[in-house]
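Peer 1: Below is a structure I'd like to ask you about.
Protein chains: 2
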Amino acid sequence: MNMKELDFINIIKKQINNKLIGDDCAYLKDLGIVITQDNFVEDVHFKMKWATPYQIGYKAAVVNISDILASGGKPKYLSVGISLPQGIDTNFIRELYKGILAGSYGAEITGGDITGSDKVFISITAIGTTLDRKISSRANAKPGYAVIISGEVGSSADGLNALINGHVKPDSIRAHLEPSLDVEFSNEISGKINTDYAMMDTSDGLADALYKIAEQSNVTIEIDYDKIPHKKDITDKKTILFGAEDYRLVAAVPETFLKNIRHYTKIGKVVARKYNIKFTANGVNYSNYDEIESYNHFGDKL
Amino acid sequence: MNMKELDFINIIKKQINNKLIGDDCAYLKDLGIVITQDNFVEDVHFKMKWATPYQIGYKAAVVNISDILASGGKPKYLSVGISLPQGIDTNFIRELYKGILAGSYGAEITGGDITGSDKVFISITAIGTTLDRKISSRANAKPGYAVIISGEVGSSADGLNALINGHVKPDSIRAHLEPSLDVEFSNEISGKINTDYAMMDTSDGLADALYKIAEQSNVTIEIDYDKIPHKKDITDKKTILFGAEDYRLVAAVPETFLKNIRHYTKIGKVVARKYNIKFTANGVNYSNYDEIESYNHFGDKL
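Set out below in structure tokens:
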């Protein structure tokens, strides 16, 4: 038997045979909500020695809120399931919840569960409303659409690298431990757009998001590498393209819609009805996706 | 610092200051849904040597569906977050999901998350609709109401005891590992009642449910111990009163409403507007709740 996560996901998909799975959130049209859930596990997603309890709580919430924003929903409720080792003290809980509240971006906590465990385990489910919003789908990119991004990528991976290697890079480390979200970008698109559009967050890296949109929309996306926003001191192409957990939003929307968005960077366009990704910058040859190795810890999203 | 779970829960309640917390589910009126989440952790809530992967998945789902039924909602969606050690094989996943599907009682899986971990960790969030239903509250019991239960208690605790001590008690063990739910009882009450009512499941034992309803409703509940349904071979009063995880439903409803319910046992009544519980059977003196020790692993519901 093979223990890889893709095997697991394929088994699960086969068993539940569910069309709701595929986007950052499941869109439950009958209830007018989008829903997402992320597990946040000690020594898999975070290390106690690197992050404060506040930062752990903040990020556990933010990864879910980001999925709601990527779907175009408005974050509304969070359910928080936490399991904690006996050695945890009350101050940890207090700070953890401060972080969760800060990372909830106005969503209200509905309750959840608290139990024991060997390691810190946090599972948060976020619900967003779809009222007065148009919900995105990864399968909605169309030839002629512009491909835009809400902010800089690469900082989080640079920060993780700094933590692993003991480098002093406070801005990047903060980007990794306390990523901010681009609420306005999501609101402006989902609140104003009338056509179908595709949006994802860069939780698994920019290249991964572009690949998934291109594949599920069955289109060719052409990216001008030199347009991708990043900090000046981050120059490694792999970090910029494949670095995960910046939680920026990438969207494919009609060119004519761009006037409705205040802050964005156009990084490319959808050019054809055939699955492919082309990077057009000089000297960069990532035109074949086989070359791409994205950051992928054990465990991908369903 | 004190590490007790009640401290944790009090800190969390203080920080989130949220009126949604207190019932088996949070009732989100604006969305027309009830929501609940339970963590199901290896060596805290189940042991791999006692339960099959199917049974683990079944119970992880059922504990949440039971909360939906206790609220009076109709189970509609499940979000499944699972974290698994590297040693888990694909057959485990297949059987686990079969169990989750069986325990979902018709609710649809929306997706969720799958990640790595040291031990098996399952966090399921269930959503129920409130359409054409009246939702229960623990604070709704009123003097004059009948106190009824949907089925037998004590079997699950008896089964857990058999597993711990290596006794052969297949029926009780099955009641512990694969508890069935009383869907019809919930449907008949929430679908037909016009008045406020209180309902809870016996996830933490019958006495615990009665205590919580009495406390939050600020009423006296009088129970006729001899009426409490249980298997003939289970005679230990502590097992019957305090044994957990049978997932029966206990409700306080107007006497005149009882004609609408096909299968129930009346075990007592609400008698006064003052918080107390009285057990009236001969020779049983549990009139003071201080004597009651309910089953309580580290970790209570929020």
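As you go down the protein sequences, you meet chains U and V in turn.
Counting in this note's numbering, the first sequence tops out at residue 1647, every number present.
Counting in this note's numbering, the second sequence tops out at residue 1647, every number present.
By construction, the Cβ of each residue, glycine as well, lies at the ideal position given by its N, Cα and C atoms.
Nothing here was measured: the structure is a model prediction, and the numbers come from that model.
#1: So which of K1359(V), G1444(V) and V1564(V) has the shortest CA-CA distance to A1405(V)?
#2: What does DSSP give as the partner residues of K1623(U) in its beta bridges?
#3: Would you report the Cα separation of I1585(V) and A1396(V), rounded to the nearest angstrom?
#4: Taking only the alpha-carbon atoms, compute the straight-line gap between G1504(U) and I1438(V) and give it to the nearest angstrom.
#5: Taking only beta-carbon atoms, is L1365(U) less than 8 Å away from chain V?
#6: DSSP three-state call for I1637(U): helix, strand or coil?
#7: Quick one: any contact between the segment 1594-1610 of chain V and the segment 1541-1555 of chain V, if contact means 3 or more CB pairs under 8 Å?
#8: When you measure from the CB of F1602(V) to every non-hydrogen atom of the ligand FMN, does any distance come out below 7 Å?
#9: DSSP on T1540(V), reduced to helix/strand/coil?
#10: May I ask you to verify whether the segment 1566-1577 of chain U touches the segment 1426-1442 of chain U, counting CB pairs closer than 8 Å and requiring at least 3?
#11: Identify which residue in F1602(U), R1618(U), N1506(U) and H1512(U) has its Cα closest to the Cα of A1559(U).
#12: Is T1381(V) near L1373(U), with beta carbons less than 8 Å apart?
#13: Flag this pair as touching only if the segment 1462-1470 of chain U and the segment 1487-1499 of chain U have three or more C-beta atom pairs under 8 Å; answer yes or no.
#14: Nearest to E1453(V) by alpha carbon, out of P1524(U), I1413(U) and Q1360(U)?
#15: Under three-state DSSP, which class holds I1459(V)?
#16: Please determine, among L1555(V), L1476(V) and N1605(V), the residue with the shortest C-alpha to C-alpha distance to I1568(V).
#17: Can you tell me the Cα-Cα spacing of D1434(V) and F1587(V), whole angstroms?
#18: If distances are taken between C-alpha atoms only, which option among H1521(V), T1625(V) and A1371(V) comes closest to A1415(V)?
#19: Note down, in chain order, each residue of its chain lying with its Cβ closer than 7 Å to the Cβ of D1369(V), except the 5 sequence neighbours on either side.
#20: I need the boundaries of the beta strand (DSSP E) containing P1524(U), first residue and last residue.
#21: Along the chain, where does the alpha helix (DSSP H) containing V1425(U) start, and where does it finish?
#22: In terms of residues, what are the limits of the alpha helix (DSSP H) holding A1552(U)?
#23: Check this for me: beta carbons of P1524(U) and V1407(U), under 8 Å apart or not?
#24: Going by DSSP, what residue range makes up the beta strand (DSSP E) through T1584(V)?
#25: So which of E1387(U), P1599(U) and K1582(U) has the shortest CA-CA distance to D1463(U)?
#26: Considering only the alpha carbon of each residue, which of P1398(U), S1500(U) and D1458(U) lies closest to D1581(U)?
#27: Please classify I1357(V): does DSSP put it in a helix, a strand, or coil?
#28: Straight-line CA distance for V1513(U) to Q1400(U)?
#29: Between which two residues does the alpha helix (DSSP H) harbouring V1615(V) extend?
#30: Is the separation between the beta-carbon of V1615(V) and that of I1566(V) shorter than 8 Å?
#31: Strictly below 7 Å CB to CB, what residues from chain U border A1371(V)?
#32: Could you have a look at V1386(U) and say whether DSSP puts it in helix, strand or coil?
#33: Going along the segment 1407-1429 of chain V in order, which residues come within less than 9 Å of chain U, judged by CB to CB distance?
#34: Taking the beta carbon of I1509(U) as the centre, do at least 16 other beta carbons fall within 10 Å, making it buried, or is it exposed?
#35: Would K1443(V) pass as an interface residue toward chain U - the criterion being a Cβ-Cβ separation below 8 Å?
#36: Leaving out five residues on either side along the sequence, give the residues of the same chain with a beta carbon under 6 Å from the beta carbon of I1480(U).
Peer 2: Here's the rundown:
#1: G1444(V)
#2: E1567(U)
#3: 23 Å
#4: 34 Å
#5: yes
#6: Since pLDDT at I1637(U) reaches only 45, below the 50 mark, its modelled position is unreliable, and the value read off the structure follows with that caveat. I1637(U) falls in the coil class under three-state DSSP.
#7: yes
#8: Here there are no bound small molecules, and the ligand FMN is not part of this structure.
#9: coil
#10: no
#11: R1618(U)
#12: no
#13: no
#14: Q1360(U)
#15: strand
#16: L1555(V)
#17: 37 Å
#18: A1371(V)
#19: T1381, D1412, A1415, S1416, M1545 and D1546
#20: Segment: none, P1524(U) is in no beta strand (DSSP E) and carries neither H nor E.
#21: First-last for V1425(U): K1419 to L1429, but that is the beta strand (DSSP E), not the alpha helix (DSSP H).
#22: L1551 to S1562
#23: yes
#24: Element bounds for T1584(V): not the beta strand (DSSP E) but the alpha helix (DSSP H), K1582 to F1587.
#25: E1387(U)
#26: S1500(U)
#27: helix
#28: 18 Å
#29: Premise fails: V1615(V) lies in the beta strand (DSSP E), T1610 to A1617, not in any alpha helix (DSSP H).
#30: yes
#31: T1455 and G1456
#32: strand
#33: K1421, Y1422, S1424, V1425, G1426, I1427, S1428 and L1429
#34: exposed
#35: yes
#36: Y1372, S1416 and G1417
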